[in-house]
Amino acid sequence: LILFGGPRSNSLTQRLQDYLPIKISNEGVTLGAFPIPGSDLAVKFIYPNPLNPNKFVVVNAGTSPLASCLSERLSLFYTGVGFPDFMIFDLSFKEKGWGGMIAAGFFDQNWQVAKEYCVVR
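Numbers 1377 to 1497, taken from the working numbering, label the letters of the sequence shown in order.
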């Protein structure tokens, strides 16, 4: 399942929000226990689908409509390219590429955010 839009613009993202370790609001993103404030943050992550644990959900969203569009620019569908489980980036990603990343990493074996598997700028 691939979702486009945050909880304000996508009713299915809204429905799943309470079951996901990354929360998106107008004020910013909460990555597990780490609040990341920002008005234009893009979010892309993969997680087991709470509605069907045998499948995955990919969330492309943002704290603003502009950031939501930016989240769609980073395609996960390239052969041989490894991406982290989650990425949070700002609008500078358009010019700086990976230098625009705010946070990125991998979920732990229980699909939770763990400090040792992520980097937050």
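C-beta atoms are modelled at their ideal positions from N, C-alpha and C, and glycine is treated no differently.
These figures come from a predicted structure and were not determined experimentally.
With a Cβ-Cβ cutoff of 9 Å, do residue i and residue j count as a contact?
i, j, result
"Leu1417", "Asp1466", "yes"
"Ala1437", "Leu1379", "yes"
"Phe1432", "Tyr1423", "yes"
"Gly1476", "Phe1482", "no"
Whole-angstrom Cβ separation of residue i and residue j, contact assumed at under 8 Å?
i, j, result
"Ala1490", "Leu1407", "No, Ala1490 and Leu1407 are not in contact; Cβ-Cβ is about 11 Å, not under 8 Å."
"Val1419", "Ile1464", "5 Å"
"Asn1425", "Leu1377", "6 Å"
From the options, pick the residue whose C-alpha is nearest to that of residue i; which is it?
i, options, result
"Arg1384", "Val1433, Val1405, Thr1439", "Thr1439"
"Ser1447", "Asn1430, Asp1394, Gly1458, Gly1473", "Gly1473"
"Pro1460", "Val1496, Pro1441, Leu1427, Pro1426", "Val1496"
"Asn1510", "Cys1445, Pro1429, Pro1441", "The structure shown does not extend to residue 1510, since the chain is modelled only from 1377 to 1497, so the question has no answer here."
"Asn1402", "Ser1387, Gly1382, Arg1391", "Gly1382"
"Gly1414", "Phe1421, Lys1399, Gln1393, Pro1426", "Lys1399"
Return the first residue and the last residue of the alpha helix (DSSP H) that residue i is part of.
i, result
"Leu1388", "1387-1392"
"Phe1469", "1469-1472"
Over what stretch of residues does the beta strand (DSSP E) that includes residue i continue unbroken?
i, result
"Phe1465", "1462-1466"
"Lys1491", "Unbroken run through Lys1491: none, as it is neither H nor E."
"Phe1483", "Run containing Phe1483: none; DSSP gives neither H nor E here."
"Phe1459", "It is not in any beta strand (DSSP E) - Phe1459 carries neither H nor E in the DSSP assignment."
"Leu1377", "Where Leu1377 is concerned, there is no enclosing beta strand (DSSP E), given that its DSSP letter is neither H nor E."
"Pro1411", "1410-1413"
"Leu1407", "1404-1407"
- Message: Going residue by residue through the region 1423-1447, where are the continuous beta strand (DSSP E) segments of at least 3 residues, counting only ones entirely within it?
- Response: Listed in chain order, they are 1428-1438.
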